[in-house]
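Trainee: Structure incoming, see below.
Numbering (this note's numbering), first residue to last: 3 to 316.
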């Protein structure tokens with residue numbers, strides 16, 4: 003008898019998938035890698051790459067450290083510097099503390115043009131009224147050591163493309179002290195009393211000290227003046243200087259009223275608003291004040307004649 007054998011063998015091979023059943027079972031049973039584990043592996047690989055990069059950089063740094071350092075070029079104008087110098091012409095006495103910031107060799111600072119080499123230059127000044135004729139073509143900038151720039155022909159410098167700088171706040175404390183000093187001198191009659199002693203008593207008493215001392219004791223009541231505590235100070239302009247004057251006057255027990263139509267946000271935050279009265283116009287300030295101090299830049303179209311005969315009558 004002849005036996006027929008089928009050639010499909012379905013239990014061994016899947017004709018559709020081309021993969022044996024045992025192989026499919028093996029693939030299905032293989033554990034899958036979680037996304038979190040994949041991220042950990044990825045981060046670890048990145049860290050390893052970074053470590054290798056840092057190690058290479060460290061090796062390069064060690065090699066550079068071992069290499070000989072080239073000698074610095076010889077200095078011709080100042081210690082450690084061999085390049086060209088920049089000229090700075092001063093028209094007023096400037097504090098040495100400020101001038102010392104200009105490194106020797108890199109800058110030549112002088113009040114005389116003869117000491118400068120004629121190259122590019124800057125101008126520094128305080129109160130000197132600068133004329134256009136004093137600004138050579140080599141000037142690259144002008145610095146005013148103070149707040150206002152009314153002594154500099156700003157419009158003409160703008161046309162020439164020369165920037166003009168100022169230094170608001172640099173002298174604020176010094177001006178504040180002078181304002182308080184002037185306030186005390188004026189209120190207590192100190193200058194008048196001094197002049198009376200020198201020009202009247204000394205002459206009338208023939209410089210006899212015993213007579214002078216008696217006369218001073220007799221006449222001193224003429225110059226007693228008044229205390230400023232409790233008096234009202236009007237401060238026009240509440241910027242760097244005005245703000246400090248306000249605080250100093252309050253500390254001396256004065257009442258303060260301030261006026262500034264263009265008060266900046268930064269300046270406003272620095273003012274003791276809970277202790278200072280704010281005026282909305284000049285007339286209000288002038289009417290309420292025993293003393294007045296102005297701290298505004300001179301601008302012909304804005305502050306010229308800000309204080310005048312008419313409002314002084316208030």
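The beta carbon of each residue, even a glycine, is placed where N, CA and C say it ideally should be.
All values reported here derive from a predicted model rather than from experimental measurement.
State the DSSP-derived secondary structure class of residue 261, mapped to helix, strand or coil.
Mentor: Three-state DSSP puts residue 261 in a strand.
Trainee: Within the same chain, show all residues whose beta-carbon is closer than 8 Å to that of residue 280, passing over the 5 residues directly before and after it, in chain order.
Mentor: Only 259, 260, 261 meet the Cβ criterion.
Trainee: Helix, strand or coil for residue 300? Go by DSSP, reduced to three states.
Mentor: Residue 300 falls in the coil class under three-state DSSP.
Trainee: Can you name the residues that DSSP bridges to residue 143?
Mentor: DSSP, once it has assigned bridges, lists 124 as partnering residue 143.
Trainee: For residue 55, count the other beta carbons within 10 Å of its own beta carbon; 16 or more makes it buried, fewer makes it exposed. Which is it?
Mentor: Exposed.
Trainee: Whole angstroms is fine: what's the gap from residue 151's alpha carbon to residue 64's?
Mentor: Cα-Cα distance, rounded: 55 Å.
Trainee: Measure the CB-CB distance between residue 87 and residue 108 and report whether it falls below 9 Å.
Mentor: Contact: yes.
Trainee: Measure the C-alpha to C-alpha separation of residue 312 and residue 207 and round it to an integer number of angstroms.
Mentor: Roughly 45 Å separates the two Cα atoms.
Trainee: Leaving aside the five residues before and after residue 227 along the sequence, list all residues of the same chain whose C-beta is less than 6 Å from its C-beta, in chain order.
Mentor: Closer than 6 Å at Cβ, skipping near neighbours: 189, 190, 191.
Trainee: Counting only runs that start and end within the region 226-262, where is the beta strand (DSSP E) found for 3 or more residues in a row?
Mentor: Listed in chain order, they are 234-238, 257-261.
Trainee: Grouping DSSP H, G and I as helix and E and B as strand, with all else coil, what is residue 169?
Mentor: Coil.
Trainee: Could you tell me whether the region 164-178 touches the region 131-150, using the rule of 3 or more Cβ pairs below 8 Å?
Mentor: Contact between the region 164-178 and the region 131-150 is present, because at least three Cβ pairs lie under 8 Å.
Trainee: Drop a sphere of 10 angstroms on the beta-carbon of residue 155, count the other beta-carbons inside from all chains shown, and report buried for 16 or more, exposed for fewer.
Mentor: That one is buried.
Trainee: Taking 8 Å as the cut-off, does the CB of residue 168 come closer than this to any heavy atom belonging to the ligand SAM?
Mentor: In the structure shown, the ligand SAM is absent, as is every other ligand, since no ligand is present at all.
Trainee: Report yes if the C-beta distance between residue 123 and residue 141 is below 9 Å; otherwise report no.
Mentor: In contact: residue 123 and residue 141 (Cβ atoms closer than 9 Å).
Trainee: Going by DSSP, name the residue or residues bridged to residue 111.
Mentor: DSSP, once it has assigned bridges, lists 90 as partnering residue 111.
Trainee: When the Cα atoms are used, what is the spatial distance from residue 117 to residue 285?
Mentor: Rounded to the nearest angstrom, the two C-alpha atoms are 52 Å apart.
Trainee: Whole angstroms are fine: how far does the CA of residue 97 sit from the CA of residue 78?
Mentor: With a pLDDT of only 47 at residue 78, under 50, the local geometry of the prediction cannot be trusted, and the value read off the model is given with reservation. Cα-Cα distance, rounded: 27 Å.
Trainee: According to DSSP, is residue 95 part of a helix, a strand, or is it coil?
Mentor: Coil.
Trainee: Have a look at the DSSP bridge pairing and note the partners of residue 218.
Mentor: According to DSSP, which records beta bridges pairwise, residue 218 is partnered with nothing at all.
Trainee: Taking the alpha carbon of residue 248 as the point to measure from, which residue in 205, 194, 210, 175 has its own alpha carbon closest?
Mentor: The shortest Cα separation from residue 248 among 205, 194, 210, 175 belongs to 175.
Trainee: Please list the terminal residues of the continuous alpha helix (DSSP H) segment that includes residue 176.
Mentor: Here the alpha helix (DSSP H) through residue 176 covers 174-189.
Trainee: Tell me where the alpha helix (DSSP H) around residue 136 begins and ends.
Mentor: It is not in any alpha helix (DSSP H) - residue 136 carries neither H nor E in the DSSP assignment.
Trainee: Check residue 295 in the structure and name its three-state DSSP category.
Mentor: Three-state result, residue 295: strand.
Trainee: For the region 303-310 against the region 266-281, do three or more pairs of beta-carbon atoms, one drawn from each stretch, fall closer than 8 Å, so that the two count as touching?
Mentor: Taking 8 Å as the limit for Cβ pairs, the verdict is that the region 266-281 does not touch the region 303-310.
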